[in-house]
Amino acid sequence: MTTMTPAQWYEWTLWAILLSSPVVFGVLMLLPAAYGRHKQGHSKWWGPGIPTRWSWVIMEAPSSLGFAAIFFAGAHALQWAPLILFAMWQAHYFQRSFIFPFRIKVRPGDTTPVSIPVIAVVTNLMVSFLNAAILSWDGIGHGYPASWLTDPRFVIGALLFVVGYRINRKADAMLAALRRPGETGYKIPRGWLYERISCPNYFGEFLIWSGWAIATWSWGGLAFLLWTLANLLPRALTNHRWYREKFPDYPVQRKAVIPYLL
Numbered sequence: 002m003t004t005m006t007p008a009q010w011y012e013w014t015l016w017a018i019l020l021s022s023p024v025v026f027g028v029l030m031l032l033p034a035a036y037g038r039h040k041q042g043h044s045k046w047w048g049p050g051i052p053t054r055w056s057w058v059i060m061e062a063p064s065s066l067g068f069a070a071i072f073f074a075g076a077h078a079l080q081w082a083p084l085i086l087f088a089m090w091q092a093h094y095f096q097r098s099f100i101f102p103f104r105i106k107v108r109p110g111d112t113t114p115v116s117i118p119v120i121a122v123v124t125n126l127m128v129s130f131l132n133a134a135i136l137s138w139d140g141i142g143h144g145y146p147a148s149w150l151t152d153p154r155f156v157i158g159a160l161l162f163v164v165g166y167r168i169n170r171k172a173d174a175m176l177a178a179l180r181r182p183g184e185t186g187y188k189i190p191r192g193w194l195y196e197r198i199s200c201p202n203y204f205g206e207f208l209i210w211s212g213w214a215i216a217t218w219s220w221g222g223l224a225f226l227l228w229t230l231a232n233l234l235p236r237a238l239t240n241h242r243w244y245r246e247k248f249p250d251y252p253v254q255r256k257a258v259i260p261y262l263l
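For our numbering, count along the sequence shown from 1 and bump the result up by 1.
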């Protein structure tokens, strides 16, 4: 029996993400993932529930801890350019895994169907492999010498990443601030980018991973951008439609996720 090389595993994982992204997009356009405001009426398809805060930790932690384990297994992990790219990734995913779940406002007893974090653990480990291995492993990717830090692709990508990071964090904070202690309902977000789009948090994520794809100039980065769009674009469109149906006074000029366009 022939053993697959790391490069072959990488190629297999890459194709799995690339080919499954349009399928995931189509499924989520028809059947919204049953968490948050879209849980009612859909959760029976997604299995029994677990506490929402811990579901976030379970599904996001592989993108922080798994990525770190894969990255530091590589021969080039302690070089400057890979380390800085590693820090960029962790700036998002450490916060998303271990801080964000305990800052969001959830209703007492709120749960998330267990299938959602289970699926996320598998796919997040695959995505982490695609993006960590290119940074530090031999034989995968084009390599990142110190000179990469002055390459226009890294500079442009890193700037876009930072802009998206800022938008994502601020949008999440504004959503969390809408719900006062003891409140359980939903409100119309007001101010800043929320005057233009319903989901600036997702818009920020699109910018983050567009920046990452450019900064790494890699197939792994591109695959993750497509995977992010496949998962979050349907969510943004569904959220936008939900707002308009729930609130008769919802601002008609707002788009869903891209200012002035979509």
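Glycine included, C-beta positions come from ideal geometry on N, C-alpha and C. Everything numeric in this text was worked out from a predicted model, so none of it was measured.
query = Is it the case that the Cβ atoms of residue 167 and residue 256 are separated by a distance below 8 Å?
reply = 8 Å or more divides the Cβ of residue 167 from the Cβ of residue 256.
request  = Would you list the one or two residues that DSSP bridges to residue 256?
outcome  = Answer by DSSP bridge pairing, in chain order: 198.
query = When you compare each of 131, 53 and 217 to residue 105 by their alpha carbons, which one comes out closest?
reply = 53
ask   = What distance in whole Å lies between the Cβ atoms of residue 221 and residue 131, which are believed to be in contact at a cut-off of 8 Å?
value = Right, their Cβ atoms sit about 4 Å apart.
query = Would residue 199 count as contacting chain C if we go by Cβ distances under 8 Å?
reply = Structure shown: chain C not included; a single protein chain is present.
task = In angstroms with no decimal places, state the Cα-to-Cα distance between residue 245 and residue 251.
result = 6 Å
Beta-carbon gap between residue 150 and residue 212 smaller than 8 Å = No; because the gap between Cβ atoms is not below 8 Å, this pair is not in contact.
task = Have a look at the DSSP bridge pairing and note the partners of residue 113.
result = 51
key: Nearest neighbour of residue 204, chosen from 189, 164 and 99 [CA to CA]   = 164
key: Among 241, 182 and 231, nearest to residue 20 - alpha-carbon criterion   = Per the Cα distances, 231.
inquiry  = How far does the alpha helix (DSSP H) with residue 156 in it extend, from its first residue to its last?
reply    = 153 to 179
message = Is any non-hydrogen atom of the ligand GDP found closer than 7 Å to the C-beta of residue 163, if you look at the structure I gave you?
response = Among the ligands in the structure shown, none appear at all, so the ligand GDP cannot be discussed.
ask   = Which residue comes first and which comes last in the alpha helix (DSSP H) that contains residue 89?
value = Looking at the DSSP string, the run of the alpha helix (DSSP H) that includes residue 89 is 81 to 99.
task = Taking 8 Å as the cut-off, decide whether the C-beta atoms of residue 223 and residue 214 are in contact.
result = With respect to the 8 Å criterion, residue 223 and residue 214 are classified as neighbours on the basis of their beta carbons.
task = Give the single residue among 73, 75, 137 and 174 whose Cα lies nearest to the Cα of residue 101.
result = Ranking 73, 75, 137 and 174 by Cα distance to residue 101 puts 174 first.
message = Comparing C-alpha positions only, which one of 88, 201 and 115 sits nearest to residue 240?
response = 201
ask   = Using CA coordinates, which residue listed in 145, 216 and 140 is at the minimum distance from residue 155?
value = Of the listed residues, the one whose Cα sits closest to residue 155 is 216.
request  = Would you mind working out which of 253, 192 and 139 sits nearest residue 11, comparing C-alpha positions?
outcome  = 139
For residue 48 and residue 18, the rounded distance between their alpha carbons = Near 24 Å, if we compare the C-alpha coordinates of residue 48 and residue 18.
query = Between the Cα of residue 60 and the Cα atoms of 129, 238 and 9, which residue gives the shortest distance?
reply = 129
query = In this structure, does DSSP put residue 14 in helix, strand or coil?
reply = Residue 14 sits in a helix when the DSSP states are folded into three classes.
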